[in-house]
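Here the structure is laid out as structure tokens; the discussion comes afterwards.
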Amino acid sequence: MKPQFEKIEPEFGSSCKLVHHIEPDSCWVYWHYHPEYEIVYIPRGNGKRHIGHHVSSYQDGELVFLGPNLPHLNFGHGVVGEFEEIVVQLREDFLGKDFLQKPELAAVRRLFDRSHQGMSFFGETKQRVGRQVASLVKLPPFERMLALLTIFQQLAVSTEYQLLNAESISLDLNGREQDRINRIYGFVEAHFSQPIDIQDVASLANMTVPAFCRYFKKMTLMTFTDFVNEFRITQARKLLAGERSIGDVCYDSGFNNLSHFNKVFKQRTGQTPGMYRRALTVQG
Numbered sequence: 001m002k003p004q005f006e007k008i009e010p011e012f013g014s015s016c017k018l019v020h021h022i023e024p025d026s027c028w029v030y031w032h033y034h035p036e037y038e039i040v041y042i043p044r045g046n047g048k049r050h051i052g053h054h055v056s057s058y059q060d061g062e063l064v065f066l067g068p069n070l071p072h073l074n075f076g077h078g079v080v081g082e083f084e085e086i087v088v089q090l091r092e093d094f095l096g097k098d099f100l101q102k103p104e105l106a107a108v109r110r111l112f113d114r115s116h117q118g119m120s121f122f123g124e125t126k127q128r129v130g131r132q133v134a135s136l137v138k139l140p141p142f143e144r145m146l147a148l149l150t151i152f153q154q155l156a157v158s159t160e161y162q163l164l165n166a167e168s169i170s171l172d173l174n175g176r177e178q179d180r181i182n183r184i185y186g187f188v189e190a191h192f193s194q195p196i197d198i199q200d201v202a203s204l205a206n207m208t209v210p211a212f213c214r215y216f217k218k219m220t221l222m223t224f225t226d227f228v229n230e231f232r233i234t235q236a237r238k239l240l241a242g243e244r245s246i247g248d249v250c251y252d253s254g255f256n257n258l259s260h261f262n263k264v265f266k267q268r269t270g271q272t273p274g275m276y277r278r279a280l281t282v283q284g
């Protein structure tokens, strides 16, 4: 199966993305890759670990660190029974362009280099750092960033790890496909607050509408409508941190029906817009 490219957007108010699943993820991506580094911790669950050329089973407490564009299977894919997963995704420059060039971070830089092969941690490191990754879920952005630096330092100096592939693995879209995908994403970013005619997007990709729909689904395993809704919800989360009414946020983020906005927002976040705003207030 051809790996699918996954587009990842950082959370509002954060330079990384943190996802907490308490059941197997029914997400559209399965065998996939992305340019972000990724920490995965699984407090509960047993399943298949497929990272690059490596295939094995994992059990409760799984802790891995994956480099950019390293193809991997969703850890929740095919899992039956209890499952919990915390995923942290971030770019190499999440703290600035020359972040890893600081002399104090030499060990972390080597850790990031090793991660291109995929790393699985065991022993006391897995238990201690796993608990710290789990605690990220409840931390506000600044404290989360500091905790991440501590986590990276502990992983960097640990010898309790296994490299999952004999050599570095990194996939990239070819230049033509990357340019086409970027044009599509750029169009949505520029026009998300307005009605989007799929004919316009198909024309941008030099395709008919049916061909574009097949192409986009093949590239992302996600319909174009689902992608636009996902993007609009990301924008709505940013707007909800301000003082605009929920109705204004609905329309400013591109939805033309408040009931539909509430439904899609809850599907994507597990909370209503009002609940999400109240949670932001508590964190602040």
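Numbering (full-length UniProt numbering), first residue to last: 1 to 284.
Idealized CB from N, CA, C, for every residue including glycine.
In this text, all values refer to a predicted model and were calculated from it rather than measured experimentally.
Fully contained in the segment 36-120 are the following alpha helix (DSSP H) runs of length 4 or more, in chain order: 106-114. Contact fails between the segment 182-202 and the segment 73-80, because fewer than three Cβ pairs, one in each stretch, are under 8 Å apart.
Distance from E160 to F112 at the Cβ level is roughly 18 Å; contact not present, criterion being Cβ atoms closer than 8 Å. About 12 Å separates the beta carbon of L240 from that of G247, a gap too long to meet the 8 Å contact definition. According to the DSSP assignment, K17 belongs to the beta strand (DSSP E) that extends over 16-21. Where Q199 is concerned, there is no enclosing beta strand (DSSP E), although the alpha helix (DSSP H) around it starts and stops at 198-204. Secondary structure of L163 (DSSP, three-state): strand. If you draw a 10 Å sphere on the C-beta of N206, you find fewer than 16 other C-beta atoms in it, and that means exposed. One alpha carbon belongs to R232, the other to D200, and they sit about 18 Å apart. Put simply, of I42, G52, L90 the residue whose alpha carbon is nearest the alpha carbon of H21 is I42. Judged by DSSP in its simplified three-state form, H34 adopts coil rather than helix or strand.
E38 and T272 have their C-alpha atoms spaced approximately 28 Å apart. For N262, the enclosing alpha helix (DSSP H) covers residues 258-269.
By the criterion of a C-beta distance shorter than 7 Å, I151 is surrounded in its chain by V129, Q132, V133, once the five residues flanking it on both sides are discounted.
T225 places its beta carbon 7 Å or farther from that of E9. Across the set I86, L280, I51, the C-alpha of L280 shows the shortest separation from the C-alpha of G242. The DSSP-derived three-state label of F227 is helix. Only buried fits E36, as 16 or more other CB atoms lie within 10 angstroms of its CB.
About 17 Å separates the beta carbons of S135 and F65, which is beyond the 8 Å limit, so they are not a contact pair.
Cβ atoms of F192 and G254 come within 8 Å of each other, at about 5 Å. Here T208 has A202 as same chain residues with Cβ atoms under 8 Å from its own Cβ, once five neighbours each way along the sequence are excluded. Looking at the DSSP output, F5 shares a beta bridge with Y33. Taken atom to atom, the span from the alpha-carbon of S158 to that of L204 is near 49 Å.
Under the 10 Å beta carbon count, R144 is surrounded by 16 or more other beta carbons and is classified as buried. DSSP, reduced to helix, strand and coil, places E189 within a helical segment of the structure shown.
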